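Please read the structure below before turning to the comments.
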Amino acid sequence: MKHSAANALAIALVLGGSAAFPTAGGAGSVTATDPVQTSSAASAFGSYDPYGDFSADKTASIEELFLPWEDVDLATLPLADAYALQRGRSLLITVEPWTWSKDWRITPPELRDGILSGKYDANMQAICDLVGQMKSPVTIRWAQEMEDDNGRFTWANWAPKDWISAYKREVDICRKAAPAAKYMWSPKGEEGLEKYYPGDDYVDVIGLSVFGLQKKDNDEAGRDRTFAEMLKPGYDRVAGFNKPIVVAELGYVGKQDYVSKWQDDTRKSYAEFPALTSVVYFNQKEVWPWLGGYGLPDWRVTQNVLP
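Just so you know, we're using the working numbering here: the sequence shown kicks off at 98 and counts up by one.
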């Protein structure tokens, strides 16, 4: 493992398993590649990069962080701001409302009831107090993939009204402390996601998750599937909300030709996806087994090409 500044930062912030853009002012300042803008140009690129593989990439304008709101040293958040400023990037902070303890995690009802009762208000307040002091533009992505029913996330597959109430509570808290920040609603892209839409006033940008696994493609479709093919279902489900769209988590694993095509395709512009503004690569090994016996795909760019 590299002991780079990016890696040290990620270890400090993530404790377990990011969108950013050239900065020109305080938190949430709009710039040429801010995710809340649209453009006919190719999508802006960014990464969640705990190994520092994109630390010197001049094309990267987005720095993503995954931040549990418990068991984390929030004093390291200013390091993220400094890291982004040094590289001319903005920050996408994915706030995950759980503890990263390996031995204990509260149940979905306990988390839901705790959030709605105000038990965790201080957790979000502490994060957003620091976000409000940042010089980089910041987008907050809270409790992603809420419509996913595979059991991965404690906050997923709640009754839609409960998840929406929880999301709105956190955004309201954060807006007071960090009024310049933007807010991303980020479903996985599955059927039924519209039930979890919290309303236009609470969404600046929409995030989606898009992953390509060559073996799964061939098992299910008998051929390789493309980035555009995998993006389209989720994109079509959220396009009607008329918000900018970001692929907030992107990964691909397969043989060299498969990986090369996905890499090239994710940097293109698409007439059929006019609201797509940015893609953010998830440069980490999967931590939750994929259904169907596909194990833990390794999305890291140093490991994603298979023999």
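Cβ atoms here follow ideal geometry from the backbone N, Cα and C, with glycine treated the same way. These figures come from a predicted structure and were not determined experimentally.
### Task
Decide yes or no for the touch test of the segment 362–374 against the segment 140–151: beta carbon pairs closer than 8 Å, at least 3 of them.
yes
### Task
Can you tell me which of the three DSSP states Lys260 falls into?
The sequence given here places Trp at residue 260; Lys does not occur at that position. Note: Trp260 maps to helix in three-state DSSP.
### Query
Taking C-beta to C-beta, are Pro386 and Leu393 nearer than 8 Å?
yes
### Task
Starting from the Cα of Gly229, find the closest Cα among Cys271, Gln353, Asp200, Pro284 and give me that residue.
Cys271
### Query
What does a CB cutoff of less than 7 Å around Phe250 pick up in its chain, not counting 5 residues either side in sequence?
Glu242
### Cβ contact (3+ pairs, closer than 8 Å) linking the segment 182–196 and the segment 146–165
yes
### Query
So, helix, strand or coil for Ala278, using DSSP?
coil
### Query
Helix, strand or coil: how does DSSP classify Leu388 here?
coil
### Query
Over what stretch of residues does the alpha helix (DSSP H) that includes Ala179 continue unbroken?
174–183
### Query
Among Glu207, Val376, Arg238, Trp282, which has the Cα closest to the Cα of Val343?
Val376
### Message
Measuring only the C-alpha atoms, how far is Met316 from Leu213?
### Response
Before going further, note that residue 316 is Asp rather than Met in the sequence given. About 42 Å.
### Message
Please return the same chain residues whose Cβ sits closer than 8 Å to the Cβ of Asp269, not counting the five positions on each side in sequence.
### Response
none
#### Entry: Closest Cα partner of Ala181 within the set Asp298, Val235, Asn247
Val235
### Task
Tell whether a beta-carbon distance below 8 Å holds between Tyr293 and Lys265.
no
### Query
Do Asp321 and Tyr280 have their C-beta atoms closer together than 8 Å?
no
### Message
Just list the residues that DSSP pairs Leu451 with in beta bridges.
### Response
Since the displayed the chain opens at 98 and closes at 404, residue 451 lies outside it and no answer follows.
### Query
If you compare alpha carbons, which of Arg397, Arg364, Val398 is closest to Ser158?
Arg364
### Query
Between the Cα of Leu208 and the Cα atoms of Lys352, Ser262, Gln353, Arg184, which residue gives the shortest distance?
Ser262
### Task
Take Trp255 and list the residues in its own chain whose beta-carbon comes closer than 6 Å to its own, dropping the five residues that flank it on each side.
Arg209
#### Entry: Bridge-paired residues (DSSP) for Val344
Leu305, Val376
### Task
Please report the Cβ distance between Glu244 and Leu290, rounded to the nearest whole angstrom; I am assuming they are in contact, meaning their Cβ atoms lie under 8 Å.
5 Å
### Neighbourhood of Leu171 by C-beta distance below 8 Å, restricted to the same chain and skipping five residues each side
Ala223, Ile224, Leu227
### Message
Quick check on the DSSP output: the alpha helix (DSSP H) that includes Ile212 runs from which residue to which?
### Response
205–214
### Lys313 versus Val384: straight-line alpha-carbon distance, rounded
18 Å
### Task
Express the C-alpha separation of Ala318 and Glu161 in angstroms, rounding to a whole number.
32 Å
### Task
Can you give me the Cβ contacts of Gly389 inside the same chain, cut-off strictly under 6 Å, excluding the 5 residues immediately before and after it?
none
### Selection from Trp201, Asn401, Arg334 that minimises the alpha carbon distance to Glu287
Arg334
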